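I have placed the structure first, in the form of structure tokens, so that the comments after it can refer back to it.
Number of protein chains: 2
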Amino acid sequence: MSNLCDHWTVPKTLPLLLDARPICCPTLEDPAGISDADATALAVRLKALADPARIRLLSLLLDRLGEGASTRELAPLLALSEPTVSHHLHTLLNSGLVAKDRQGTTVYYRVVPEAIQAIARVLHLTCC
Amino acid sequence: MSNLCDHWTVPKTLPLLLDARPICCPTLEDPAGISDADATALAVRLKALADPARIRLLSLLLDRLGEGASTRELAPLLALSEPTVSHHLHTLLNSGLVAKDRQGTTVYYRVVPEAIQAIARVLHLTCC
DNA sequence: ACACAGATTCGACATATGTCAAAGCATCGG
DNA sequence: CCGATGCTTTGACATATGTCGAATCTGTGT
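The listed protein sequences correspond, in order, to chains A and B.
Residue 60 in our numbering sits at position 60 of the first sequence; the count goes up by one each step and never skips.
Just so we're on the same page, our numbering is the position in the second sequence counted from 1, plus 128.
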């Protein structure tokens, strides 16, 4: 379990880390506040996190930080079908919150803690 | 503007602060990870945050930390109708992210930084 | 009581989202 | 090459969400 190769697929759709710009940027005098593009980019990440099933999924993956877990393994723990779990994992993958690594026929997903930290940092900087 | 009375309405539907339990709670041996109830509670807050319009709304309110702003004032800045802005403010209010204070006929909304900090803390503790 | 200004609620609509069963892919072992 | 195993995609469906115009409500002043 510990000697898996490190072929973790980094998602391409979104950068791994946000550029940590807070929601309220004091140096900008932009009267409209944060830009629509920045707001949308942040919303995409938050949306990926904002679902009970995906939060429980992340929770389970955080318990298996080194190894990761497969769709087949996760589905019964969430009492959801495999297609549904696959769909949620896809969402998490697209937003950079998890990475995947194919090991033969089974695909292992693991959490990407830096991505969660990045969101936490944005929110923290917003209200420091 | 600075001598407004402090009648800010604290929302009743959700506690002001989360109980700051991380997504992965190492002290629990719960095989199913975070409980469904906790996951849903966290998801409700994140969902409130996970929308571009509401993020921009918070951004604008963060620029007026002391005074707050009204629906009428905010709607043109977002290029949205007043009912829509009212709806978003209601969502933010219900999740504890903003508070409101009626001053005559106009209602002033202000951000509740502690609520955002609480979410940031949960995410930070999750991946520390 | 009345009219007005501001905010919210209502009704309607289009779109997005979560879910599953069934079908389709991909990889490994004979 | 073929079957078995695990994962994903597709199609369908119900529900949730964002948006607006119109109607309604709430408080202020005359």
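Backbone N, C-alpha and C fix where the C-beta goes; we use that ideal spot for every residue, glycine too.
The model shown is predicted, which means the values in this text are computed figures rather than measured ones.
Measuring CB to CB, does Cys255/B end up less than 8 Å from Ile55/A?
no
Report whether the distance from the Cβ of Glu201/B to the nearest heavy atom of the ligand COA is below 7 Å.
Of the ligands one can find in the structure shown there are none, so the ligand COA has no counterpart to examine.
My parser needs the alpha helix (DSSP H) runs of 4 or more residues fully inside the segment 179–251 of chain B; what are they?
180–190, 199–206, 210–222
Cutting at 7 Å between CB atoms, please list the residues of its own chain near Glu73/A, excluding the five before and the five after it.
Taken in chain order, the list of residues that qualify is empty.
Check whether the Cβ atoms of Leu61/A and Arg110/A lie closer than 8 Å to each other.
Yes, these two residues count as a Cβ contact at 8 Å.
Would you mind stating whether Ile247/B and Leu123/A have Cβ atoms separated by less than 8 Å?
Going by C-beta atoms, Ile247/B is nearer than 8 Å to Leu123/A.
From Thr168/B to Leu89/A, what does the alpha carbon distance come to, in whole angstroms?
18 Å
For Cys153/B, name the three-state secondary structure that DSSP assigns.
Note on Cys153/B: pLDDT 49, under 50, position unreliable in the model; the coordinate value appears next. Of the three classes helix, strand and coil, the one that applies to Cys153/B here is coil, per DSSP.
Quick one: measure Cβ to Cβ for Val213/B and Leu220/B, integer angstroms, because I've assumed they're closer than 8 Å.
With 8 Å as the limit, Val213/B and Leu220/B do not qualify as a contact, their Cβ atoms being about 10 Å apart.
Would you say Ala43/A and Leu78/A are within 8 Å of each other, going by their C-beta atoms?
no
What number of angstroms, rounded off, separates the C-alpha of Thr233/B from the C-alpha of Leu185/B?
Straight-line Cα distance between these residues: approximately 21 Å.
Given that Lys228/B touches chain A, what residues does it touch there, using C-beta distances under 7 Å?
Those within 7 Å of Lys228/B in chain A number zero; the least Cβ separation is about 18 Å.
Taking the alpha-carbon positions, what's the Tyr108/A to Leu46/A distance?
23 Å
Between the C-alpha atoms of Asn222/B and Gln103/A, what's the straight-line distance to the nearest angstrom?
45 Å
Based on Cα-Cα distance, which residue from Val240/B, Leu253/B, Pro241/B lies nearest to Pro113/A?
Ranking the options by Cα distance to Pro113/A, first place goes to Leu253/B.
Give every residue of the same chain whose Cβ lies closer than 7 Å to the Cβ of Ser198/B, excluding the five residues on either side of it in the sequence, and list them in chain order.
Thr234, Val235, Tyr236
Could you work out which residues of chain A lie near Ala248/B, taking near to mean beta carbons separated by less than 9 Å?
Ile119, Ala120, Arg121, Val122, Leu123, His124, Leu125, Thr126, Cys127
Less than 6 Å between C-beta atoms, sequence neighbours within five positions excluded: which residues of the same chain meet that for Gly68/A?
The answer, listed in chain order, is Tyr108, Tyr109, Arg110.
Exposed or buried, which one is Ser187/B when buried takes at least 16 other CB atoms within 10 Å?
buried
Comparing C-alpha positions only, which one of Gly66/A, Asp36/A, Asp38/A, Asp51/A sits nearest to His87/A?
Asp51/A
On a CA-only basis, which of Ala37/A, Asp101/A, Arg121/A, Leu80/A is nearest Asp164/B? Give me that one, please.
If we check each option's Cα against that of Asp164/B, Leu80/A comes out closest.
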